[in-house]
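Our numbering puts the sequence shown at residues 13 to 467.
Below: one structure, written as C-alpha cells.
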Amino acid sequence: MTDYDYDLFVIGAGSGGVRASRMAAGYGARVAVAEERYLGGTCVNVGCVPKKLLVCASAFADHYREASGFGWTAGEPAFDWAQLIANKDREIERLNGIYRGLLDSAGVELFEGRARLLDPHTVEIEHGENGRRRVSSDQILIAVGSWPDMPPISGIEHAISSNEAFYLERLPERVVVVGGGYIGVEFAGIFAGLGSQVTLIYRGPLFLRGFDEEVRTHLAEEMSSRGIELRFGCQVESIEKLAGSAADRLRLHLDDGDSVDCGEVLYATGRTPLVADLGLENCGVVVGENGEVLVDEFSRSNVPNIWAIGDVTDRLNLTPVAIHEAMCLARTLFAGEPTPVDHETVATAVFSQPPLAAVGLIEEEARARYGEVDVYRSRFRPLKLTLTDNQERTLVKLIVDRSSGRVLGAHMLGADAPEIIQGLAVAVKMGATKDDFDAAMAIHPTSAEEFVTLR
Ligand code: NDP
Numbered sequence: 013m014t015d016y017d018y019d020l021f022v023i024g025a026g027s028g029g030v031r032a033s034r035m036a037a038g039y040g041a042r043v044a045v046a047e048e049r050y051l052g053g054t055c056v057n058v059g060c061v062p063k064k065l066l067v068c069a070s071a072f073a074d075h076y077r078e079a080s081g082f083g084w085t086a087g088e089p090a091f092d093w094a095q096l097i098a099n100k101d102r103e104i105e106r107l108n109g110i111y112r113g114l115l116d117s118a119g120v121e122l123f124e125g126r127a128r129l130l131d132p133h134t135v136e137i138e139h140g141e142n143g144r145r146r147v148s149s150d151q152i153l154i155a156v157g158s159w160p161d162m163p164p165i166s167g168i169e170h171a172i173s174s175n176e177a178f179y180l181e182r183l184p185e186r187v188v189v190v191g192g193g194y195i196g197v198e199f200a201g202i203f204a205g206l207g208s209q210v211t212l213i214y215r216g217p218l219f220l221r222g223f224d225e226e227v228r229t230h231l232a233e234e235m236s237s238r239g240i241e242l243r244f245g246c247q248v249e250s251i252e253k254l255a256g257s258a259a260d261r262l263r264l265h266l267d268d269g270d271s272v273d274c275g276e277v278l279y280a281t282g283r284t285p286l287v288a289d290l291g292l293e294n295c296g297v298v299v300g301e302n303g304e305v306l307v308d309e310f311s312r313s314n315v316p317n318i319w320a321i322g323d324v325t326d327r328l329n330l331t332p333v334a335i336h337e338a339m340c341l342a343r344t345l346f347a348g349e350p351t352p353v354d355h356e357t358v359a360t361a362v363f364s365q366p367p368l369a370a371v372g373l374i375e376e377e378a379r380a381r382y383g384e385v386d387v388y389r390s391r392f393r394p395l396k397l398t399l400t401d402n403q404e405r406t407l408v409k410l411i412v413d414r415s416s417g418r419v420l421g422a423h424m425l426g427a428d429a430p431e432i433i434q435g436l437a438v439a440v441k442m443g444a445t446k447d448d449f450d451a452a453m454a455i456h457p458t459s460a461e462e463f464v465t466l467r
C-alpha cells in the first residue's frame, strides 16, 4: 500500500488496458482506468469485432451462390446495409456494457474522460462538464492504442478511414481501398462480397508484405477472380472532388498517369500511436520515430513507474498480443513474478475472402534463421465446392527445419483457415515436428487433414 490514490492508473480502456486493470485489481491493487472514447477500444468498437461481423455478412454472397449446387432454390437475395449496421451497433453497445460490468465487478474505478500526465505520479482527467480532477498513482500504464494514419496528399479530407467505414450511411457502389495491409485487404473483401465494385491500390509489387509469398499470390488470384481490381505498384497522388453522382463523386489521380472514379475512398495505410497531448513530455517518457512509447521486455518505459502496452508501443499490433502484454505486466507489478512478454510464434489471420492464417516463420525467414528447410504444400479444391461452380482453391503449407524436423511455420489460405491455424498454433508453439504432425490421425473429410498428410 502506498500513499498515492491508486497503485495503478491505466490510461485507455481497450483490450490491453481493461485486461491489465482487471488482473491488477485481482492481485489486490487499487486500480483506476481512464477512457475518453469507448469501452473496449478499437477492437470492440471499430476493429476486430465489427469487422468480423461485416466479413460474416459479406460471406453470404458465396453461400447464396453455392446453394443451388446442393439443390436449394431461393428467391433473389437482397441486402440491406442499414439493417446490418444497426444490428452491428446494437451488438457493440452490448459489448460496451459487458466491459463496463467487467471493470465494475473487478473493483476498478472508471473515469470517463481524457487523461493527461502532469508528472510521473499525477494524472489529470478532463470530464467534460464535470471539470478536471487530479489523482495520484504509484504506477502508470499507457494503453491508449493507435489511430488511422492518413498520408498528407491533396484531397485526403475526402477519404475515410476504417473508423468511418463502420458507420457509412449506405453501401458505396464503387469504392477504392488504398493500402495492402490487414485492413485494406479485409475491407476490399467485405465491400466486394456485399456488392460494391472494388479497386485495391497498393504501392508495392504484392500486398500483405510479411506473409508467405505463395499465399499472397494465391490470395491475389482469388480476389481478382471475385471481381476485385488489384492495382499494385502504384500510388494515389491526389483526390479530386467531382460534381458527379454519389457513385462517382471522387477522382483519384495515380502516379502512373491513370485515374479512378469512385464514391468512397478508404485509406488503410497503417496506424500511429495515440500519444498526442498525453503529457509524456512532462514525465520525460522517450518515444520512437512514430511516437511509439519505447519499452523493454517487461513493457516498462525509460521512466521506472511508467509502462506501456498494446498498439501505443508499436510492437506486434494485435489484440491478443496486447492482452498477453497486459497479463505479463500485472504479474510483474503485483504478483511478484517479473514476466517478460513473448512475441515469438504468434498466430495471426487476415479475414480476407478466402481468409488466410499463419503461425511461425515464412520460408525466407526460416531459411535465414535455420539454413536448410523443407517446404510441404498442398493446393486443392475443398470438398464443399465440388458441387458448385466456385473454382476457389485452398492452399496449405508447412515449413520444416531439415535438421531437427521441427515445424517452423504453418500457413493456410482457404475456408476456416483462422480456426484451423489456431489449433495448429498450439503444436507449433510447443515445438512439434513433422513426424508429430504425421502421427496425428486425420479427420476425414476435412481441409485441416491436409496438414497431417503432407508428403
Ligand atoms: P498495415 O501496417 O497492416 O498496412 C498498411 C499498408 O499501407 C501497407 O500495405 C503499407 O505498404 C501501406 N502504406 C503505408 N503507408 C502508405 C502510404 N503513405 N501510401 C500508400 N500506402 C501506404 O496497416 P493497416 O492499416 O492495414 O492495419 C493496422 C494494424 O491493425 C496492423 O498493424 C494490424 O496489426 C492491425 N490489424 C489486425 C487485424 C487482424 O488481426 N486480422 C485486422 C486489422 C488490423 P507497405 O507494405 O509497402 O509498407
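C-beta: ideal position from N, C-alpha, C; glycine also.
Keep in mind that this is a model prediction, so the values were computed, not measured.
- Message: Three or more C-beta pairs under 8 Å: does that hold for the stretch 405-422 against the stretch 91-98?
- Response: Touching, no.
- Message: Given the structure, does Gly193 come close to the ligand NDP, in the sense that its CB is under 8 Å from one of the ligand's heavy atoms?
- Response: As a first step, residue 193 must be located in the sequence shown, where it is residue number 181. Indeed, a heavy atom of the ligand NDP lies less than 8 Å from the Cβ.
- Message: In the DSSP output, which residue or residues are listed as bridge partners for Met424?
- Response: Working through the sequence shown from its first residue, we reach residue 424 at position 412. DSSP lists Ala369, Val408 as the bridge partner or partners of Met424.
- Query: Among Gly443, Tyr279, Pro332, which has the Cα closest to the Cα of Ile168?
  - Reply: In the sequence shown, the residue the question calls residue 168 occupies position 156. Distance check between Ile168 and each of Gly443, Tyr279, Pro332 places Tyr279 closest, using alpha-carbon atoms only.
- Inside the stretch 233-305 only - beta strand (DSSP E) runs reaching at least 3 residues: Runs found: 241-244, 248-253, 262-266, 271-274, 276-279, 283-285.
- Of all the options Val438, Ala25, Val419, which has the alpha carbon lying nearest to the alpha carbon of Tyr50? Locating residue 50 in the sequence shown gives position 38, counting from the first residue. Selected option, being the one with the closest Cα: Ala25.
- Message: Helix, strand or coil for Ile321? Go by DSSP, reduced to three states.
- Response: As a first step, residue 321 must be located in the sequence shown, where it is residue number 309. Three-state result, Ile321: coil.
- Message: Within 8 Å, do at least three Cβ pairs link the stretch 67-87 to the stretch 200-212?
- Response: The answer is yes - the stretch 67-87 touches the stretch 200-212, with three or more Cβ pairs under 8 Å.
- Item | Rounded distance between the beta-carbons of Gly196 and Val190, thought under 8 Å | Residue numbering aside, residue 190 sits at position 178 when the sequence shown is read from its first letter. Residue numbering aside, residue 196 sits at position 184 when the sequence shown is read from its first letter. Contact holds; Cβ gap of about 7 Å.
- Under the three-state DSSP convention, the category Gly28 falls into: By one-based count along the sequence shown, residue 28 stands at place 16. In the structure shown, Gly28 sits in a helix (DSSP, three-state: H, G or I).
- Message: Please tell me whether, using a cut-off of 8 Å, the distance from the CB of Ser271 to the nearest non-hydrogen atom of the ligand NDP is below it.
- Response: Mapped onto the sequence shown, residue 271 falls at position 259. False, no ligand heavy atom lies under 8 Å from that Cβ.
- Message: Quick check: is any heavy atom of the ligand NDP less than 8 Å from the C-beta of Asn175?
- Response: What you label residue 175 is simply residue 163 of the sequence shown in a count that begins at 1. Asn175 Cβ: outside cutoff for every heavy atom of the ligand NDP.
- Completely contained beta strand (DSSP E) runs for the stretch 343-369, where each covers 3 or more residues: Taken in chain order, the complete beta strand (DSSP E) segments of 3 or more residues contained in the stretch 343-369 are 360-362.
- Query: With distances taken between CB atoms, is the gap from Val43 to Ala118 smaller than 9 Å?
  - Reply: Numbered from its first residue, the sequence shown carries residue 43 at position 31. Numbered from its first residue, the sequence shown carries residue 118 at position 106. Using a Cβ distance threshold of 9 Å, Val43 and Ala118 count as a contacting pair.
- Task: Indicate whether Leu466 and Val408 have their beta-carbon atoms separated by less than 9 Å.
- Result: The residue labelled residue 466 in the question sits at position 454 within the sequence shown. The residue labelled residue 408 in the question sits at position 396 within the sequence shown. Between Leu466 and Val408, the C-beta gap is smaller than 9 Å, which places the two residues in contact.
- Query: For Leu436 versus Ala359, is the C-beta spacing smaller than 9 Å?
  - Reply: The residue you call residue 436 lines up with position 424 of the sequence shown. The residue you call residue 359 lines up with position 347 of the sequence shown. Yes, they are a contact pair.
- Message: Within a Cβ cutoff of 8 Å, which residues of the same chain sit near Gln403, ignoring the five residues on either side of it in sequence?
- Response: Position 391 of the sequence shown holds residue 403. Cβ contact annotation for Gln403 (same chain, cutoff 8 Å, sequence separation greater than five): Ser237, Arg393, Leu397, in chain order.
- Item | Cβ neighbours of Arg343 in the same chain (closer than 7 Å, five flanking residues each side left out) | Taking the first residue of the sequence shown as position 1, residue 343 is located at position 331. Answer for Arg343: Glu349, Thr351, listed in chain order.
- Cutoff 6 Å; reference Arg228; Cβ partners in own chain excluding five residues on either side: Mapped onto the sequence shown, residue 228 falls at position 216. Result list for Arg228: Leu218, Leu220, in chain order.
- Query: Leaving out five residues before and five after Thr458 in sequence, what residues of the same chain have Cβ atoms less than 6 Å from its Cβ?
  - Reply: Locating residue 458 in the sequence shown gives position 446, where the first residue counts as 1. Sequence-distant partners of Thr458 (beyond 5 residues in either direction) whose C-beta falls short of 6 Å from its own C-beta are missing from its chain.
- May I ask you to report which of helix, strand or coil DSSP gives Ser174? Residue 174 sits at position 162 when you count from the first residue of the sequence shown. Looking at Ser174 - three-state DSSP - the assignment turns out to be helix.
- Query: Does the beta-carbon distance from Pro132 to Val315 come in below 9 Å?
  - Reply: As a first step, residue 132 must be located in the sequence shown, where it is residue number 120. As a first step, residue 315 must be located in the sequence shown, where it is residue number 303. The Cβ-Cβ distance between Pro132 and Val315 falls below 9 Å.
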